[in-house]
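Everything in the sequence shown is counted per this note's numbering, starting at 12 for the first residue and increasing by one.
Report on the structure given below.
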Amino acid sequence: MTTTNPTYQSEYQASVDSPVDFWADKACALPWFKAPSAKLTTDENGQQLWFADAKLNTCYMALDHHVKQGRGDQVAVIYDSPVTGQKAQYSYAQMQEWVAKFADVLQQQGVSKGDRVVIYMPMIVEAVVAMLATARLGAVHSVVFGGFAAAELAVRIDDAKPKALVTASCGIEINKVIEYKPMVDQAIEMAESPPQSVVILQRAECQAALVANRDIDWQQAMQTAEPTECVPVAGSDPLYILYTSGTTGKPKGVVRDNAGHAVALHYSMSAVYDMQPGDVFWAASDVGWVVGHSYIVYAPLLKGCTTVVYEGKPIKTPDAGAFWRVAEKYKVKALFAAPTAFRAIRKEDPNGELIQDYDLSQLKNIFMAGERLDPPTLEWTQNKTGKPVIDHWWQTETGWSIAANLTGIELLPVKAGSATRPVPGFDVQILDENGEQLGANEQGAIAIKLPLPPSCLNTIWGDHQRYQEGYLSQFPGYYCTGDGGYIDEDGYLFVMGRTDDVINVAGHRLSTGEMEEVLAAHDAVAECSVIGVPDGLKGQVPVGLAVLKNGAEIQQSELQSELVSMIRRDIGAVACLKQALIVPRLPKTRSGKILRKLLRQIAEAQPYTIPSTIDDPASVDELAGIMEENGLVVRE
Numbered sequence: 012m013t014t015t016n017p018t019y020q021s022e023y024q025a026s027v028d029s030p031v032d033f034w035a036d037k038a039c040a041l042p043w044f045k046a047p048s049a050k051l052t053t054d055e056n057g058q059q060l061w062f063a064d065a066k067l068n069t070c071y072m073a074l075d076h077h078v079k080q081g082r083g084d085q086v087a088v089i090y091d092s093p094v095t096g097q098k099a100q101y102s103y104a105q106m107q108e109w110v111a112k113f114a115d116v117l118q119q120q121g122v123s124k125g126d127r128v129v130i131y132m133p134m135i136v137e138a139v140v141a142m143l144a145t146a147r148l149g150a151v152h153s154v155v156f157g158g159f160a161a162a163e164l165a166v167r168i169d170d171a172k173p174k175a176l177v178t179a180s181c182g183i184e185i186n187k188v189i190e191y192k193p194m195v196d197q198a199i200e201m202a203e204s205p206p207q208s209v210v211i212l213q214r215a216e217c218q219a220a221l222v223a224n225r226d227i228d229w230q231q232a233m234q235t236a237e238p239t240e241c242v243p244v245a246g247s248d249p250l251y252i253l254y255t256s257g258t259t260g261k262p263k264g265v266v267r268d269n270a271g272h273a274v275a276l277h278y279s280m281s282a283v284y285d286m287q288p289g290d291v292f293w294a295a296s297d298v299g300w301v302v303g304h305s306y307i308v309y310a311p312l313l314k315g316c317t318t319v320v321y322e323g324k325p326i327k328t329p330d331a332g333a334f335w336r337v338a339e340k341y342k343v344k345a346l347f348a349a350p351t352a353f354r355a356i357r358k359e360d361p362n363g364e365l366i367q368d369y370d371l372s373q374l375k376n377i378f379m380a381g382e383r384l385d386p387p388t389l390e391w392t393q394n395k396t397g398k399p400v401i402d403h404w405w406q407t408e409t410g411w412s413i414a415a416n417l418t419g420i421e422l423l424p425v426k427a428g429s430a431t432r433p434v435p436g437f438d439v440q441i442l443d444e445n446g447e448q449l450g451a452n453e454q455g456a457i458a459i460k461l462p463l464p465p466s467c468l469n470t471i472w473g474d475h476q477r478y479q480e481g482y483l484s485q486f487p488g489y490y491c492t493g494d495g496g497y498i499d500e501d502g503y504l505f506v507m508g509r510t511d512d513v514i515n516v517a518g519h520r521l522s523t524g525e526m527e528e529v530l531a532a533h534d535a536v537a538e539c540s541v542i543g544v545p546d547g548l549k550g551q552v553p554v555g556l557a558v559l560k561n562g563a564e565i566q567q568s569e570l571q572s573e574l575v576s577m578i579r580r581d582i583g584a585v586a587c588l589k590q591a592l593i594v595p596r597l598p599k600t601r602s603g604k605i606l607r608k609l610l611r612q613i614a615e616a617q618p619y620t621i622p623s624t625i626d627d628p629a630s631v632d633e634l635a636g637i638m639e640e641n642g643l644v645v646r647e
C-alpha cells in the first residue's frame, strides 16, 4: 500500500483508517528472521500487541544486517567528548565485532534470553555497546542515568532483578569527575535482589577497586571474549525497561517490545526526521533517557545512519558554540535536543555571534522535544541559524513522537507553540472531564484512541494493573497522556503542559504553560516558569519566576511591571499575574525539564524531596529562600 509521494493527509488517513495494513507495509522494510503473520493480536490481559509472532533480533537489524548488505565500512558511531578531549569513529563492522564480543562477556556471567541487565554508564560508546550486546543475547536492558543516587539505583535494581550490572569507574562533568563505583556498591548493598556480577569499565580519569568474586574488569574480559551470534526473540518479547517517574514515588518500568519498536523507529527516521542511510543524525541527549534509547542508539542504526555520542554540554564545553562545532565537524544533517539546551545557548550568546563561526550548510533541520517549546526559543533558533526548527511532542511511554511536522513526507507551515499535527498511527483527541470529544480550540485532556501504534508501551514491568489504572482507566478506549491542550481549526496540536499545570484563579482554569509563553517573549528573559500560589480570596494566583539573559540589565520592579502588562494584553486581567521575580536559576532535571511540581510544593510549604534527576541540588534551597523572602511561601 506504499504510495508515491504521499502527502501528510494521505499518510495519516491511511494509518487511522487501516492501521493493520499501514503498519504491515512499514514492517516489510525490516530484516526479520521470520516475518510476522499476525499484525495485531490480543494477549491474555486484553492488551493489543503488534507483530507478536515475528522472529527477530534488534541488534541484528541495527548492525549485522548492514554489514551483510556490504556497508560494514560506513561509520556507525561518532564519539566526541569535549570533557576528556577524546574523539573516535567506529564503522558498522567494528561495532558488530565489539558488540558480539561484549555479548560473550555478558554470556559468561550467565546472562541469557529474558534476563535483565542494568546499565549505569556515562555518555560513552561502551554504553551503546552494552545496550546492543544485551539485545544480541535476547536479554532485557534497563539503562539508569549515570550519576543517579545509590537509593534510586537500588530501587531500579530491585524492580528489574538483573542478572548483571554494567558500569564505568566514573562519569566526567565540567571540571568534575563523578565516581560511579561507590554509588554502585552502595546500591547493591541496599538492594534486596542484587546482581550476581558487575562488569566495570575502568576509565583513565578514575580507577575503581574491584570486589572479589563479583566484579569483572571490562577490558580484561574482552581480551578472551569470542564473537556471539544474535539470539532470535519473539516480536512481543521485551527489548528494554526504562524507568520514568511515578506519582506514587515508585518509578514506573516502561516496557518496550522488540518488533513494534523496530518498525516504528525505522519508519520515524524517514517520515519525521527525513533521514536516509549514510546521513549523520545527532540527538544531543543521554542514553539514560528515552531520547537516547530511541535516537542515539536504535533508530539511527536501524536506518543505517551515523549517530553521534556526545559527552559534553551545550555550553561551557568550552562555550555556547559547542553544538555548532559538532554539527560542522561531522556534517550533521539533523540535530535534536531539548528546548532547554537552546535556551542555555541563547542565554550565553543572545546575539548568536558564535553561530557565525561555523559552516552549517549540511544541517537541514533542528528538532526540539522533551518539554514545551516556547515561541521565543523557536524564533531565536530559527532566526539565528537560518534552519527550520521542528517542534515535536512525545513521551517515554510512546518511545517516539505523537505529534510532529513530517519533514520526510510533507513539511507543513510552522505554528509557534504547536507540535504541528498528529503523527501517523496516533489518533489524538481532546476530551472533557466526561470523556466527550471537544471542538476546535477547546482545551481539555489529550488522549489517544486505541489501538496505540507500534512502539508504545503495553505494560509496566511487573505491574500490569498499574498500567491499566495509570493510562487506560480515566477514558475507556483511550490512552490518557496526562497532558492538556487543544487542537485548532487546522488540526494543529497545542500541548499546554501536564494537566496538573492548570491553576484555578477565582473559578477560571488557566494554563501556566500559556502564561510562560507570554513571559518568555520578553527580550530580557532567557527562561521562566509560572506556578500557582495559594490565595485566600482567589484560591490560586499565578507568580512568574524569570531567569535573565546574559548581559540583560533590568530592575525587578521594571521587569515585573512589563510582564504583568504583557499578561494582561495577551491573556487578560483574569490571569491576575501581579508578581514576577528575577531568579538566578530554576531547578531542572538533567534532561532539562523545569521541576514545576517542586516549585508548587515550596510555594505551598509542603514537604518535598529533591529528586535524584536534578541537575543542581543547590538550586532548590536557593530558590526556596528567594520565594520565602518575597512572601511566596504560603503556610496554613
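Note that the Cβ used here is the ideal one computed from N, Cα and C, for glycine as well.
Residue interval of the alpha helix (DSSP H) (run including residue i)
i	result
His403	First-last for His403: undefined, no H or E at that position.
His533	Note, His533: premise wrong, no alpha helix (DSSP H); not H, not E.
His475	His475 to Tyr478
Asp170	Ala161 to Ala171
Thr145	Val136 to Arg147
Tyr489	Segment Tyr489 to Ile498 is the beta strand (DSSP E) holding Tyr489; no alpha helix (DSSP H) there.
Ile457	Per DSSP, Ile457 belongs to no alpha helix (DSSP H); it is in the beta strand (DSSP E), Gly455 to Lys460.
Ile199	Lys192 to Met201
Ala104	Tyr103 to Gln119
Ser153	From DSSP, Ser153 is part of no alpha helix (DSSP H) but of the beta strand (DSSP E) over Val151 to Val154.
Tyr10	Only positions 12 to 647 of the chain appear in this structure, which leaves residue 10 out of reach.
Glu22	Tyr19 to Asp28
Exposure label - residue i; buried when at least 16 CB within 10 Å
i	result
Arg648	Any answer about residue 648 is impossible in this case: the structure gives the chain only from 12 up to 647.
Pro628	exposed
Trp335	buried
Cys39	exposed
Ala49	exposed
Thr624	buried
Thr53	exposed
Glu453	exposed
Gln448	exposed
Thr620	exposed
Gln571	buried
Asp368	exposed
Thr258	Note on Thr258: pLDDT 48, under 50, position unreliable in the model; the coordinate value appears next. It is exposed - the Cβ of Thr258 has fewer than 16 other Cβ atoms within 10 Å.
DSSP state of residue i mapped onto helix, strand, coil
i	result
Glu639	helix
Cys467	coil
Thr258	Because Thr258 carries a pLDDT of 48, less than 50, the predicted location of this residue cannot be relied on, and the following value inherits that uncertainty. Coil at Thr258, not helix or strand.
Phe33	helix
Pro545	strand
Pro249	strand
Trp335	helix
Ile578	helix
Lys174	coil
Trp293	strand
Ile307	helix
Ile565	coil
Glu58	Here the sequence assigns Gln to residue 58, which means Glu is not the residue at that position. In this structure, Gln58 counts as coil in the three-state DSSP scheme.
Lys66	strand
Met286	coil
Lys324	coil
Leu423	coil
Thr13	Residue placement at Thr13 is poorly supported in this model, since its pLDDT is 49, which falls under 50; the coordinates still yield a value, given next. Reduced to three states, the DSSP call for Thr13 is coil.
Ala591	strand
Span of the beta strand (DSSP E) around residue i
i	result
Thr52	Leu51 to Thr53
Arg267	Lys263 to Asp268
Gln440	Asp438 to Leu442
Cβ-heavy atom distance, residue i to the ligand NAP, below 6 Å
i	result
Ala614	Of the ligands one can find in the structure shown there are none, so the ligand NAP has no counterpart to examine.
is_contact[residue i, chain C] using C-beta, thresh 7 Å
i	result
Val343	Looking at the structure shown, chain C is missing, and only one protein chain is on hand.
Any 3 or more C-beta pairs closer than 8 Å across the region 501-508 and the region 532-551: no
Segments assigned beta strand (DSSP E), at least 3 residues, entirely inside the region 344-413: 345-348, 376-379 and 400-402
At least 3 beta-carbon pairs within less than 8 Å: the region 116-128 vs the region 157-164: no
Meets three-Cβ-pair contact criterion under 8 Å: the region 224-238 and the region 114-121: yes
Three or more C-beta pairs below 8 Å linking the region 554-573 and the region 588-599: yes
Touching by the beta-carbon criterion (3+ pairs, under 8 Å), the region 207-216 and the region 162-172: no
Meets three-Cβ-pair contact criterion under 8 Å: the region 240-257 and the region 63-78: yes
The region 345-362 in contact with the region 307-325 per 3-pair CB rule at 8 Å: yes
At least three beta-carbon pairs within less than 8 Å, the region 272-292 to the region 304-318: yes
Contact between the region 388-397 and the region 430-446 (3+ Cβ pairs under 8 Å): no
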